[in-house]
Amino acid sequence: MTEPTQRTTFPAQGNRIKIADKLFGAATFFGAAFLMVVVLVIAYQLVTGSWAEVGKDGTAFFTGSDWNASAEKYGALPTIWGTLLTSLIAILFGGLTGVAISAYLVELAPKWLFKPVSFLVDLLAAIPSIIFGLWGREELVPYLRKGVYPELKSVFGWTGWFGTENSPIVGNGILTAGLVLGVMIIPTVAAVTREMLLVVPKTMRDGSLALGSNKTEALIKVQIPYAIGGILGGLILGLGRALGETMAVTMLIGNNPVLSKDLLGPGATLASLIATNFADATNNTRTALIGLGLVLFCFTLAINVLARYLVRRVRQRSGLSA
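Numbers 5 to 326, taken from the numbering used here, label the letters of the sequence shown in order.
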């Protein structure tokens, strides 16, 4: 009868593994801690740098509609309004387009078309924002000014959202900036949506088809609901980029901080006003511009927190882990 073989242990190897785990754990901890410190330092600098103006005006800084540096009157509301409008236009145009492109590529497009179109969509993300601004200024603005905006004004001008009776059509404006932002966020939304749809279990899609659904019904009723958490995350990422975009918006929006609902008219965003005025600003104006940076920082932080909450809620309702 053979005796059971005893397992050989290697104390030195076990110690090395424990030491490696501790070192890796310490490195990741300090990396996460460093990131938190950077965010806190940025927040501190923005608060202290803008407090002289924000603390003096209080809520009037955020609700005021007059930005007049020569008179030292600073109201952030027009730039907040412009930022929200351009971002909303971008997410409606670019977000929906990105989701539609990915849905087509994953489910409906021929296999030979998947890789080339995916590559071209991803390539958009590598184009610098100033190139989008140049394209918008040289190509898109003349086309919109002559062929699209006059028709919008004639049909929907009575609403006040697409020009007024005496307002000229110049091409640069809130709607133009929003459309270019929409093009810029397409690759972000499309890439995330594509990857989320590709990880949907094939059995769920095949089961839907076996029950009589066509490809479109399986996509809308099974695949998109399963991947909705990730798709929502991609939309929020695109929204975050639209909120903070600077150069392309600066070249296209007109940089006139006025509070107006006319989408064809000029406006300004938080980022564009900072970019155009910070270099030559006086001390008080510089403080007010840092205050705009604080508002933009709070917007971005709030959107990221909201995104985490929404994705978690959607995944919980879908029966997936949070």
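Glycine residues also receive a C-beta, built at the ideal position from the N, C-alpha and C atoms.
Consult DSSP for GLY271 and reduce its assignment to one of helix, strand or coil.
strand
Given that a residue counts as buried once 16 or more other Cβ atoms are within 10 Å of its Cβ, and exposed if not, what is PRO270?
buried
Based on DSSP bridge pairs, tell me the residues matched to ASN288.
Note: ASN288 sits in no beta bridge, so no partner.
Would you check if the distance between the CB atom of THR291 and the CB atom of SER54 is smaller than 8 Å?
yes
Contact set for SER276: own chain, Cβ-Cβ below 7 Å, skip 5 residues either direction
THR250, VAL253, THR254, ILE257, ASN259
Whole-angstrom C-beta distance between GLY98 and GLY237, which should lie under 8 Å
Not really, about 15 Å apart at Cβ, beyond 8 Å.
Same chain, Cβ closer than 7 Å to MET5, five either side skipped, listed in chain order:
At MET5, the pLDDT of 48 sits below 50, so the modelled position is not reliable; the number obtained from the coordinates is stated separately. Taken in chain order, the list of residues that qualify is empty.
Residue range of the alpha helix (DSSP H) that ALA94 falls in?
81 to 94
Do the region 143 to 155 and the region 189 to 209 meet, that is, are 3 or more Cβ pairs less than 8 Å apart?
no
Helix, strand or coil at ASN260 [DSSP, three-state]
coil
Using alpha carbons as the reference points, say which of PRO132, ALA285, ILE232, ILE278 lies closest to PRO261.
ILE278
LYS157 - DSSP class collapsed to helix/strand/coil:
helix
Assuming contact is defined by CB atoms lying nearer than 8 Å, are PHE118 and LEU109 in contact in what I supplied?
yes
Status (buried if at least 16 other CB within 10 Å, exposed otherwise) for PRO132:
exposed
Check the DSSP bridge columns for ASN72 and list the partner residues they point to.
LYS77
Going by C-alpha distance, which of ALA104, LEU263, GLY137 is nearest VAL125?
ALA104
Let me make sure I understand the geometry here. Which of ASN218, LEU267, ILE294, VAL41 has the alpha-carbon closest to that of LEU89?
LEU267
Taking the alpha-carbon positions, what's the ASN281 to LEU223 distance?
48 Å
To which residues of the same chain is VAL309 closer than 6 Å at the C-beta, ignoring the five residues directly before and after it?
none
DSSP-derived helix/strand/coil call for ASP126
helix
Limits of the alpha helix (DSSP H) - the one that VAL196 falls within
178 to 202
Whole angstroms are fine: how far does the CA of THR289 sit from the CA of ALA73?
6 Å
At what residues does the alpha helix (DSSP H) containing TYR230 begin and finish?
228 to 248
Does DSSP put LYS265 in a helix, a strand or coil?
coil
Can you tell me whether TRP85 is buried or exposed? The criterion is at least 16 other CB atoms within 10 Å of its CB, across all chains shown.
buried
Beta-carbon contacts of SER212 that lie in its chain and below 8 Å, excluding the five residues immediately before and after
GLU221, ALA222, LYS225, VAL226
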